[in-house]
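Beneath this line is the structure, given in structure tokens, with notes to follow.
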Amino acid sequence: MTFQTLSFVALLIAVLAVYWLLGRRQQNVLLLAASYVFYGYVDPLLTLLLGGFTVVTYFAGLGAAHTGNPADQSRRRLSLALAIASTIAVLVVFKYLGFFVDGVSDLVESIGLGTFSSHLNIILPIGISFYTLQSLGYVIDVHQGRIAVRRNLIDFALFVSFFPQLVAGPIERASRLLPQFETDRRFDADDAKDAVTLLLWGFFKKLVIADNVGVIADSVFAAESPGFALLWVGVLAFGLQIFADFSGYTDIARGTARLFGIRLSANFDHPHIARSPVDFWRRWHISLSTWFRDYVYVPLGGSRVGRGRYALNLMTTFLLSGLWHGASLNFVLWGGYHGALVLGQRSLAAVAPRSVVRAVSAMPLAAVLTFLLVTVGWLFFRETDIGHTWQLLRSSPFDEDARSLELAGFLLAQVAVYSSPVWIHTLIAGQRPEAAFGVVSRAVRLAGSRTVTATALFSGILLMRSPAGGEFIYFQF
Amino acid sequence: MPQPVDDERVASRFGDSHEAVADQDVGPREVRTGTRFRYVGLIAFLLIVFGAPAALFRFDSEPSFDQASLDRLNSVQPEFVFLGNSLLETRIDPNRLNELLNDRAAVSLAVEGSQSAVWYLQLKSLVAASDSPPDTVFVFFHNDLITKPQEALDGRNSDLIESLVTGDGAEFEEILDSSRTAHQKTVATLQQVYPLQEHGTAARDGLSEAAAALFPSSRSELSSRADDAFAFQHRREPEVTDELPEASKPFQEAVSNSFLPTMLQVAEEAGIRLVFVRVQARPNEDGSPNQSESMRFYAQDLGYYLKANGADYVDFTGNPAVDAALYYDSFHIRQRYLLDYTELFFREMAEYFDVERQQ
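Residue numbers (my numbering), protein chains in the order written: chain A, 1 to 477; chain B, 1001 to 1359.
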């Protein structure tokens, strides 16, 4: 089941109609049942995988818990190893096996040892990349003593499968989400208004911005040789599409959760005004980047090591986070590109005087430059055929004539028009709106009461949603 | 490396601005009154947010009929008209066909992404309603699309459909209602509740117009340039994964809830010969047809039905002249074979084009 279907709306209304009449334990049972209905709606077999993984990590958590008895060390280590191994096994089997087998097949063929059929036809279960990391994070936290082990299977299963964030995050920390399931929730009318507004903003971003801008991106990437200007308009369109699509999903998830009195993490913090690659990663897919920071980068040694080792840790983390997106070389390339940007920034910052670094990062030009660098990266993310990526990169601006430049400008203007609500939102709600726009920001604040905003968003969805709407991009990961 | 961002820190106008009022600051009676007031506020909020848009465009005039297409048919007065979607666009080049036909005219009304609801309306409201209806209408379709009114059921092409409906559209709605699932009925009801949705194309056109205002060329010129740049012949070869789609229903079951019987009736009343052309899915490497058993039975039954009802049926499935190399994907023909296919079609369908009379 996906958010933009009537089935989801029906499920949400049905659950909400009962939810606030129940006590906490019954609420959790209801949410758990709804989560399994949500997940198994298209293919009930998927719930077996979800349930099986939940049981494995539940017992791994029990085994990894501190008991105060030194003799339990090996059991704790074994339990942690079980959680890590089962996570890797599930991801390898369902996500990466086809990729590796295809690679071996190509290699065998390229060295003249014949061919073999490598089509495994394994269907990627939706949400698997998200709930596996979330569950593994829990077991690691329990093992490290950062949180107490949970013995209530219902609460734990709900933590793994909570439907608003099950299929595309945010990847929640146990320390943040589990306590919310373990405490009484009280209906708050103002909170419900916020939740509805957040839901509408999420749907608006997905159905109006992402789907309309996505038409331009899809057209450009379907073209054999779009030419320099059209290519980069298409890449820019995709960058805005994926932001509106994924942050839209996140807002719908957060709005839905809030209707049940649960607060999910913000996954985005206006990444378009990031002042540097490092700053970008503080603002983009925050729940994933912090997961990789805490469970991969820091255990590898982080930055408290020698220069070479630090570079290796950083690149390993970024390459893995790229690979997490999908079993394809282009995602690894994308991860590597961002790793190189961050490494480059760190290296420059290490040799430049601190005052210069501060002055540069305060300049609006830093945000523009970061935006452009990030946009270049979206080419690697979107184009799955590496050979074609190089071919596209070879297109020259000097081959463009006035007609094609005008067409590219026209499409760019359309992208700007459709994505303008994102920029306006950043002006209104951004933590560091540019001083020059301060007056505009205040004026919009005055005009934008919640009811007016929500009504405008809903009207906008009805009027402007793209007829070419598709699934959320991050569902494929 | 990234730092966690607190939920509240990124609180925004779009949903995060609320900070709960601490109830302990007021007495029990005030709490009850305050809570009640907030519930009333929530209900008012929901009524305004979801109710106000229902009033927009409620009393708007009917959408305008596609008179331009009818005028075009009246001015050309073609002997042959083609209906279909992109499968037709990639197979028949009307210019080449007109050359082959010498002084006789053919017109293609192909619409990318269209299905049987649009074809029925084009036949009824344009072709049959023209001053001099054509002799023959070819309808290109694949699989079991000719008995699936899917596009009209799930709201696709709604603007196009609106522009082709004449009269009160009761007959059209009746056929749709018999096919609608509960989900589709809900969607149709929502469309009636929020007429605003019917103005999507106009709104998007308005935005596009605003974007075009920045440039010397007109929007229509820029749009047609974009259409050219992204046309089929400029697209990359897709990774083709041929499937063997099953017929969604047996033919006898599907036909009663489709536009097919009404199409036949319209054609008969207007004296038009209807020829249904089932295009071939890309054949297998050995040249054998690529179709499932259920689809084969469906095609057989469709053929019997059409013949029994006075229409012609031509199935290109298994035609050895159309081999796999001609295909761009599972159904579309490569752009470079457009003229070849047009000529092939002209030859294969010589009896319909009355080639002997022409020579």
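Glycine included, C-beta positions come from ideal geometry on N, C-alpha and C. None of the values given here were measured: they were computed from a predicted structure.
| Check | Outcome |
| --- | --- |
| Please determine whether the Cβ atom of PHE243 of chain A lies at a distance below 7 Å from any heavy atom of the ligand NAP. | The model on display carries no ligand, and the ligand NAP is accordingly not part of it. |
| I want to know whether the stretch 233–247 of chain A touches the stretch 370–382 of chain A - three or more CB-CB distances under 8 Å. | yes |
| Can you name the residues of chain A whose CB is closer than 8 Å to the CB of ALA1226 of chain B? | SER219, LEU407, PHE410, LEU411 |
| What residues in the stretch 1161–1183 of chain B bring their beta carbon closer than 7 Å to a beta carbon of chain A? | HIS1183 |
| Beta-carbon separation of TYR138 of chain A and ALA89 of chain A under 8 Å? | no |
| Can you tell which of B:LEU1046, B:LEU1302, B:VAL1081, B:GLN1192 has the C-alpha that lies nearest to the C-alpha of LEU1101 of chain B? | B:VAL1081 |
| Check the Cβ-Cβ distances between GLU471 of chain A and every residue of chain B, and say whether any is below 8 Å. | no |
| In chain B, what lies closer than 8 Å to ARG403 of chain A by C-beta? | ARG1225 |
| Is SER1108 of chain B helix, strand or coil when you go by DSSP? | strand |
| Distance cutoff 8 Å, beta carbons only. Does SER1208 of chain B sit that close to anything in chain A? | yes |
| Indicate the three-state DSSP secondary structure (helix, strand or coil) for ARG77 of chain A in the structure shown. | helix |
| When the Cα atoms are used, what is the spatial distance from ALA1270 of chain B to SER1130 of chain B? | 10 Å |
| Please name the residue, chosen from A:VAL351, A:THR317, A:LEU329, that lies closest to ALA478 of chain A on a Cα-to-Cα basis. | The requested residue 478 of chain A does not occur in the structure, where chain A is confined to residues 1 to 477. |
| For the alpha helix (DSSP H) containing ASP1177 of chain B, list its first residue and its last residue. | 1170–1179 |
| Under 8 Å between C-beta atoms, does ILE1333 of chain B make it to chain A? | no |
| How should PRO70 of chain A be labelled, buried or exposed, when 16 other C-beta atoms within 10 angstroms of its C-beta is the threshold for buried? | exposed |
| Using a 10 Å radius around the Cβ and a threshold of 16 neighbouring Cβ atoms, would you call MET1295 of chain B buried or exposed? | buried |
| Are the beta-carbon atoms of ARG1225 of chain B and ALA223 of chain A separated by less than 8 Å? | no |
| DSSP beta-bridge partners for VAL1277 of chain B? | B:PHE1140, B:VAL1314 |
| So, helix, strand or coil for TYR1362 of chain B, using DSSP? | Absent from the structure is residue 1362 of chain B, since the part of chain B shown begins at 1001 and ends at 1359. |
| Taking C-beta pairs closer than 7 Å, name the residues in chain A that PHE1215 of chain B reaches, listed in chain order. | GLU406, GLY409, PHE410 |
| Quick one: grab the DSSP three-state call for ARG1347 of chain B. | helix |
| Cβ of LEU1344 of chain B less than 8 Å from any chain A Cβ? | no |
| Using a Cβ-Cβ distance under 8 Å, would TYR1337 of chain B count as near chain A? | no |
| Among the residues of its own chain, which have a CB less than 8 Å from the CB of LEU12 of chain A, if the five just before and after it don't count? | THR256, LEU259 |
| DSSP state of ALA223 of chain A, grouped into three classes? | strand |
| Check the C-beta distance from PHE410 of chain A over to ALA1212 of chain B and give it rounded, since I have them as a contact under 8 Å. | 6 Å |
| When you compare only the Cα positions, how much space is there between MET464 of chain A and GLY1200 of chain B? | 5 Å |
| On a CA-only basis, which of A:VAL56, A:SER459, A:LEU207, A:ILE126 is nearest ASP43 of chain A? Give me that one, please. | A:ILE126 |
| Helix, strand or coil for PHE1080 of chain B per DSSP? | strand |
| Could you name the residues of chain B that ARG151 of chain A contacts, counting a contact when the two beta carbons are closer than 7 Å? | The premise fails here: ARG151 of chain A is roughly 27 Å from chain B at the closest Cβ pair, so nothing lies under 7 Å. |
| From the beta carbon of LEU1070 of chain B, is the nearest beta carbon of chain A less than 8 Å away? | no |
| Evaluate the contact criterion for the stretch 171–186 of chain A versus the stretch 202–209 of chain A: three or more CB pairs, one atom per stretch, below 8 Å. | no |
| Could you pull the start and end residues of the alpha helix (DSSP H) that LEU1121 of chain B belongs to? | 1116–1121 |
| Please decide whether PRO1053 of chain B counts as near chain A, where near means a Cβ-Cβ distance under 8 Å. | yes |
| Which one or two residues does DSSP pair with ILE1333 of chain B in a beta bridge? | B:TYR1327 |
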